Amino acid sequence: MSISNPTQSARTQKRLRNPLHSKRMRGIMGAIIVHLVLLTGLVFILMPLAWSISTSLKEPGAVFTYPPEWIPRPVVWRNYIDAWTVLPFFRYLWNTTMITTFSIVGRLLACSLAAFAFSRLRWPGRDVLFFMMLSTMMLPSQVTLIPTFILFRKLGWVNTFLPLIIPKFFAEPFFTFLMRQFFMTIPIQMDEAARIDGCTNFSIFSKIIMPLSKPVFIAVAIFVFNANWNDFFAPLIYLHDSDKFTLALGLRAFQGQFGTEWNLMMAASNLVLLPVVLLFFFAQKYFMQGVVITGLKG
Amino acid sequence: MNSRRATGRRSRLMFREHIDGWIFALPWLLGFAIWTLGPMIASLIFAFTDYDMVTPPRWIGMGNLRELIRDPLIVHSLKVTTLYAVASVPLNICLGLILAMLLNSKIRGLRWYRTGYYLPSVLSGVAAALLWRWIFSPDFGLFNLVLSWFGIKGPAWLADERWALPALVIMSLWGVGGGMIIYLAGLQGIPTELYEAAEVDGAGLLAKTFHVTIPMMSPVIFYQLVMGVIGSLQVFTQGYIITAGGPHNATLFYMLHLYRNAFEYFRMGYASVMAWVLFFYILILTLFVFKSSAAWVYYEGQLRGGR
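Here the protein sequences line up with chains P and C, keeping their order.
With the numbering used here applied, the first sequence corresponds to residues 46 to 343, in that order.
With the numbering used here applied, the second sequence corresponds to residues 9 to 315, in that order.
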């Protein structure tokens, strides 16, 4: 043991002398490199947002100066008021909020009920149906798109909010799966104890499962909010009158009318993104939680 | 006497549970019937008809399919869509994974980094599309400005046939944070003993990445690959808002072509056939990914618990 390899010990000594080679130093250097890489990436990924904020505060003429200035001179806050008033923005906001709110309520209700059936109740056919539900997750929505559109047309619902709201009151496979995964983590003994006390299945659902499942309800609500707030395709095919437009449709129309006024357009699109950004910052925890639950825990 | 009453009560409870199971599952059962099964059957029937929504559907048998085979834009749009998927899905997976591995180390400000990278992925839709149209503007846009810092003169992007599709692929990378979060969740599930064991065996950073991290993450990568393929083959908004399929159909995604046939030309029968073609195309690609997965996806349970 004491007879060590001479070359190796020489190397070790050299390493000890050179501070760069000590383990601690290497760790610090590594951290600095990681920080540099991450910061550079972050600058690039956040640059588009900074750019759109900068553009939205410029005078029309300053938009096209090259090379562009990052700090607008003067700062034109008015753009936000103009973007808001040049379009019936409030109308769009109201329409979008209505559709989104009903969608959230519908999805939470329908998916949690179905998830309860698939996780806490034993009934014949459950596993077969659950498998069927999972397999429909793979089906692209295009296949059902045209008959669904024709159905809504036959019902006279085109150009109303109903096609955007009513289907949300039926359970959607992905969210149902998400909620089921969460419900499975609650001990089943709680249900059994409640049953012995004479609780009905509905009161088990509403008094035990629902209160314990707040995180997954919030996670689903956020996902539904995002999907509907940003949705473009469904409003595009179902809503035709401009007073029924959602924010997404309004923005698109805005592009047609004010294609060259980039400062107003960026102000408008920032106004649409704002609620999503705010929600993201306040509800980050639940965004992550949704991912962890779907993170294929088993 | 007492026990008989108890069994009676038990079976009553079980019966109640069976009934309730169906009742609670009703929101999905009805939804499945009304929004999935019914429309699927209807779509299959429409596929054999000529239907403009004004005059009643007319049975034309294989007519739509024959026309579809002759339509050069079908093959073209499938090609465009596939190219987009082939470029954007692997890029997103690689970058997302690298990012997640960097963010899985113990450094300061982790939360800020995660938030910053994740934020753009929640901003999709028209507002983001408009922003990127402005970014890719050849003369005043941010993208060519950044390139000019490195001494590169950028192309006309969306106005250039060759660069419009790559531009949309670049835009898709803005959402890399969505995948990153999922990889992060996966990385945190890898037992540290595996890394310790690898270190004892003298593995360096690269060896640990390729012999521990990637194999352990392969189910998550697989999931992301399948979802990415399915999602990117259905891309629509970017092509509709940013480029309107142009220039010269360079970004005519399949869904855009389908949308135009259905809701601009009102050819519902033809669009139904198109939808089925897309469905089978997605199915084939997904099956291909699934088949290949046996070779590279590693499931812990399979080896440990036997088959």
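Virtual Cβ for every residue (Gly too), placed ideally from N, Cα, C.
Since the model is a prediction, treat every value here as computed from it, not as a measurement.
Can the beta-carbon of residue i be found closer than 7 Å to that of residue j?
{"i": "methionine 179 (chain C)", "j": "glycine 104 (chain C)", "result": "no"}
{"i": "phenylalanine 261 (chain C)", "j": "threonine 89 (chain C)", "result": "yes"}
{"i": "asparagine 315 (chain P)", "j": "serine 97 (chain P)", "result": "yes"}
{"i": "asparagine 140 (chain P)", "j": "alanine 312 (chain P)", "result": "no"}
{"i": "phenylalanine 296 (chain C)", "j": "aspartate 60 (chain C)", "result": "no"}
{"i": "alanine 160 (chain P)", "j": "phenylalanine 89 (chain P)", "result": "no"}
{"i": "alanine 264 (chain P)", "j": "glycine 335 (chain P)", "result": "yes"}
{"i": "asparagine 152 (chain C)", "j": "glycine 162 (chain C)", "result": "yes"}
{"i": "glutamate 169 (chain C)", "j": "alanine 258 (chain C)", "result": "yes"}
{"i": "glycine 29 (chain C)", "j": "tryptophan 274 (chain P)", "result": "no"}
{"i": "glycine 253 (chain C)", "j": "glycine 247 (chain C)", "result": "yes"}
{"i": "glycine 277 (chain C)", "j": "aspartate 58 (chain C)", "result": "yes"}
{"i": "methionine 182 (chain P)", "j": "proline 218 (chain P)", "result": "yes"}
{"i": "methionine 224 (chain C)", "j": "isoleucine 198 (chain C)", "result": "yes"}
{"i": "glutamate 25 (chain C)", "j": "leucine 318 (chain P)", "result": "no"}
Answer with yes or no whether the minimum CB distance from residue i to chain P is below 7 Å.
{"i": "arginine 315 (chain C)", "result": "Legend: pLDDT at arginine 315 (chain C) = 35, less than 50; position of this residue unreliable, no value from coordinates given."}
{"i": "histidine 26 (chain C)", "result": "yes"}
{"i": "serine 51 (chain C)", "result": "yes"}
{"i": "isoleucine 115 (chain C)", "result": "yes"}
{"i": "tyrosine 306 (chain C)", "result": "no"}
{"i": "glutamine 242 (chain C)", "result": "yes"}
{"i": "methionine 276 (chain C)", "result": "yes"}
{"i": "threonine 245 (chain C)", "result": "yes"}
{"i": "methionine 261 (chain C)", "result": "Here residue 261 (chain C) is phenylalanine; the residue named in the question, methionine, does not match the sequence. By this cut-off, phenylalanine 261 (chain C) is not an interface position."}
{"i": "alanine 252 (chain C)", "result": "no"}
{"i": "serine 280 (chain C)", "result": "yes"}
{"i": "tyrosine 121 (chain C)", "result": "yes"}
{"i": "isoleucine 290 (chain C)", "result": "yes"}
{"i": "leucine 110 (chain C)", "result": "yes"}
Starting from residue i, find everything on chain C with Cβ-Cβ shorter than 7 Å and list it in chain order.
{"i": "glutamine 300 (chain P)", "result": "Leu138"}
{"i": "tryptophan 307 (chain P)", "result": "Trp142"}
{"i": "arginine 198 (chain P)", "result": "Met61"}
{"i": "histidine 18 (chain P)", "result": "Because residue 18 (chain P) is not part of the residues shown, which for chain P are 46 to 343, the question remains open."}
{"i": "serine 97 (chain P)", "result": "Leu139"}
{"i": "tryptophan 168 (chain P)", "result": "Glu25, His26, Gly29, Trp30"}
{"i": "valine 336 (chain P)", "result": "Ile189, Ile190, Ala193"}
{"i": "alanine 76 (chain P)", "result": "Ile115"}
{"i": "valine 188 (chain P)", "result": "Met48, Ser51, Ala283, Trp284, Phe287"}
{"i": "serine 314 (chain P)", "result": "Ala135, Leu138, Leu139"}
Starting from the beta carbon of residue i, find every residue of chain P whose beta carbon is closer than 7 Å, and list them in chain order.
{"i": "tryptophan 67 (chain C)", "result": "Neighbours of tryptophan 67 (chain C) on chain P: none; closest Cβ ~16 Å, over 7 Å."}
{"i": "valine 134 (chain C)", "result": "Phe277, Ala293, Leu296, Arg297"}
{"i": "alanine 270 (chain C)", "result": "Ile191"}
{"i": "valine 130 (chain C)", "result": "Asn271, Val321, Phe325"}
With a threshold of 7 Å between beta carbons, is residue i in contact with chain C?
{"i": "glutamine 226 (chain P)", "result": "no"}
{"i": "threonine 145 (chain P)", "result": "no"}
{"i": "tyrosine 347 (chain P)", "result": "No statement about residue 347 (chain P) is possible, as the shown extent of chain P runs from 46 to 343 and does not include it."}
{"i": "asparagine 246 (chain P)", "result": "yes"}
{"i": "proline 280 (chain P)", "result": "no"}
{"i": "lysine 330 (chain P)", "result": "no"}
{"i": "threonine 142 (chain P)", "result": "no"}
{"i": "threonine 181 (chain P)", "result": "yes"}
{"i": "isoleucine 48 (chain P)", "result": "For isoleucine 48 (chain P), the predicted structure reports a pLDDT of 46, less than 50, and the residue's modelled location is therefore unreliable. A value from the coordinates is still provided. No, because no Cβ of chain C sits closer than 7 Å to the Cβ of isoleucine 48 (chain P)."}
{"i": "leucine 132 (chain P)", "result": "no"}
{"i": "glycine 343 (chain P)", "result": "Because the pLDDT of glycine 343 (chain P) is 36, which lies under 50, any placement of that residue in the model is unreliable, and the number read from its coordinates should be weighed accordingly. Closer than 7 Å: no."}
Residue i versus chain C: which residues are under 8 Å apart at the beta carbon?
{"i": "threonine 193 (chain P)", "result": "Trp43, Pro47"}
Could you work out which residues of chain P lie near residue i, taking near to mean beta carbons separated by less than 8 Å?
{"i": "proline 35 (chain C)", "result": "Leu154, Ala155, Cys156, Leu158, Ala159, Phe214, Phe215, Ala216"}
{"i": "leucine 150 (chain C)", "result": "Met92, Pro93, Trp96, Pro113"}
Mind listing the chain C neighbours of residue i? Cutoff is C-beta to C-beta under 9 Å, in chain order.
{"i": "isoleucine 90 (chain P)", "result": "Gly124, Tyr125, Leu127, Pro128, Leu181, Trp182, Val184, Gly185"}
{"i": "valine 317 (chain P)", "result": "Gly133, Val134, Ala135"}
{"i": "threonine 205 (chain P)", "result": "Under the 9 Å cutoff, chain C gives no residues; its nearest Cβ is about 17 Å from threonine 205 (chain P)."}
{"i": "phenylalanine 163 (chain P)", "result": "Gly29, Phe32, Ala33, Trp36"}
{"i": "threonine 221 (chain P)", "result": "Pro35, Trp36"}
Would you say residue i touches the ligand PLP, meaning its beta carbon is less than 6 Å from a heavy atom?
{"i": "alanine 193 (chain C)", "result": "For the ligand PLP, the structure offers nothing, since it holds no ligand at all."}
Mind listing, in chain order, the continuous beta strand (DSSP E) runs of no fewer than 3 residues lying wholly within the segment 16 to 66 of chain C? none
What are the start and end residues of each continuous alpha helix (DSSP H) run of 4 or more residues lying completely inside the segment 102 to 130 of chain C, in chain order? 118 to 130
Restricting to runs no shorter than 4 residues, where is the alpha helix (DSSP H) found entirely within the segment 130 to 161 of chain P? none
Cβ contact check for the segment 142 to 149 of chain C and the segment 225 to 232 of chain C: 3 or more pairs under 8 Å: no
Ranges of the alpha helix (DSSP H) found wholly within the segment 272 to 316 of chain P, counting only runs of at least 4: 278 to 283, 292 to 302
Is the segment 130 to 139 of chain C close to the segment 47 to 65 of chain C, with three or more CB pairs under 8 Å? no
Contact between the segment 181 to 200 of chain P and the segment 129 to 146 of chain P is defined here as three or more beta-carbon pairs at a separation below 8 Å; is this criterion met? No, because fewer than three Cβ pairs between the segment 181 to 200 of chain P and the segment 129 to 146 of chain P fall closer than 8 Å, the two stretches do not touch.
For the 8 Å Cβ check, are there 3 or more pairs between the segment 151 to 169 of chain P and the segment 224 to 239 of chain P? yes
Quick test of the definition: if touching needs 3 or more C-beta pairs under 8 Å, does the segment 279 to 290 of chain P touch the segment 204 to 212 of chain P? yes
contact_flag[the segment 317 to 333 of chain P, the segment 112 to 129 of chain C] where n(CB pairs < 8 Å) is 3 or more: These segments touch.
Which parts of the segment 173 to 224 of chain P are runs of the alpha helix (DSSP H), unbroken and 4 residues or longer, counting only runs that do not cross its ends? At a cut-off of 4 residues, the continuous stretches assigned as alpha helix (DSSP H) that sit fully inside the segment 173 to 224 of chain P are 187 to 199, 207 to 210.
When the Cβ atoms of the segment 86 to 100 of chain C are set against those of the segment 252 to 261 of chain P, are three or more pairs found closer than 8 Å? The segment 86 to 100 of chain C, when compared against the segment 252 to 261 of chain P, does not touch it at the 8 Å Cβ threshold.
In chain order, which continuous runs of the alpha helix (DSSP H) of length 4 or greater are located wholly inside the segment 245 to 269 of chain P? 246 to 249
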